[in-house]
Amino acid sequence: MSLIQNKKVYLNYEIQETFSAGVKLFGFEVKSLRKKQGSLEGAYIIARGNEAFLIGATIPPYQPSNTPENYDPTRNRKLLLTKKEIERLLSFEKQKGLTIVPISVYNKGVKIKIEIGVAKGKKKYDKRESIKKKDTERDLKRTLKRNINL
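Add 1399 to a position in the sequence shown, counting from 1, and you land on the number used in the working numbering.
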């Protein structure tokens, strides 16, 4: 079950490979995510050394009056990945034109996971093409539905 989605990621990027990672969070951040609060807009992932971090994601406090005074909603959060996955992300990061972006935050049992993707940015004409394709598929589904009901 997806808690938060990065809605523009499929419009702006072409996803080549996806990973699933755990996220190191505070308890009140987990509660906030379960209430579906937060945003992945403008967030990205970097791999430094043997660690990977989520940068730029906003997770507001669950109860603002009960959070610590020095809490930063856009702080860097450590991703929990295996060494092989981190090495793989490092190799993708070194390639020119590739970006590592968060796609969604979801529940897996009682744990909070994040789906990340290795993406290549789309050009303006590619974006137009994908919007046009989506519109034609929607129109096709409407006509098929209308013909079935007749």
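Virtual Cβ for every residue (Gly too), placed ideally from N, Cα, C.
When the beta-carbon positions are compared, L1480 and A1456 stay at least 8 Å from each other. In the structure shown, P1459 adopts coil according to DSSP, grouped into three states. The C-beta distance from K1423 to K1477 rounds to 4 Å, short enough to meet the 8 Å contact threshold. I1511 and P1501 have their alpha carbons spaced roughly 13 Å apart. For the pair I1515 and I1499, the CB atoms are nearer than the 8 Å cut-off. Counting C-beta pairs with one atom in each stretch, the stretch 1405-1413 and the stretch 1516-1524 have three or more that are closer than 8 Å, which means they touch.
About 4 Å separates the beta carbons of N1405 and L1439, which is inside the 8 Å limit, making them a contact pair. Within its own chain, the residues whose Cβ lies closer than 6 Å to the Cβ of Y1461, once the five positions on either side in sequence are excluded, are F1427, K1430, S1431, listed in chain order.
Its Cα nearest to that of A1420, the residue K1482 stands out among K1482, Q1436, N1469. For S1401, the enclosing beta strand (DSSP E) starts and ends at 1401-1404. As DSSP reads the structure, S1503 sits in a beta bridge with Q1404, E1514. For S1490, no beta strand (DSSP E) encloses it; the enclosing alpha helix (DSSP H) starts and ends at 1482-1493. In the three-state scheme derived from DSSP, where H, G and I count as helix and E and B as strand, R1537 is classed as helix.
CA-to-CA, the gap between L1489 and G1496 works out to about 14 Å. Contact between I1485 and A1442 fails: their C-beta atoms lie close to 18 Å from each other, not under 8 Å.
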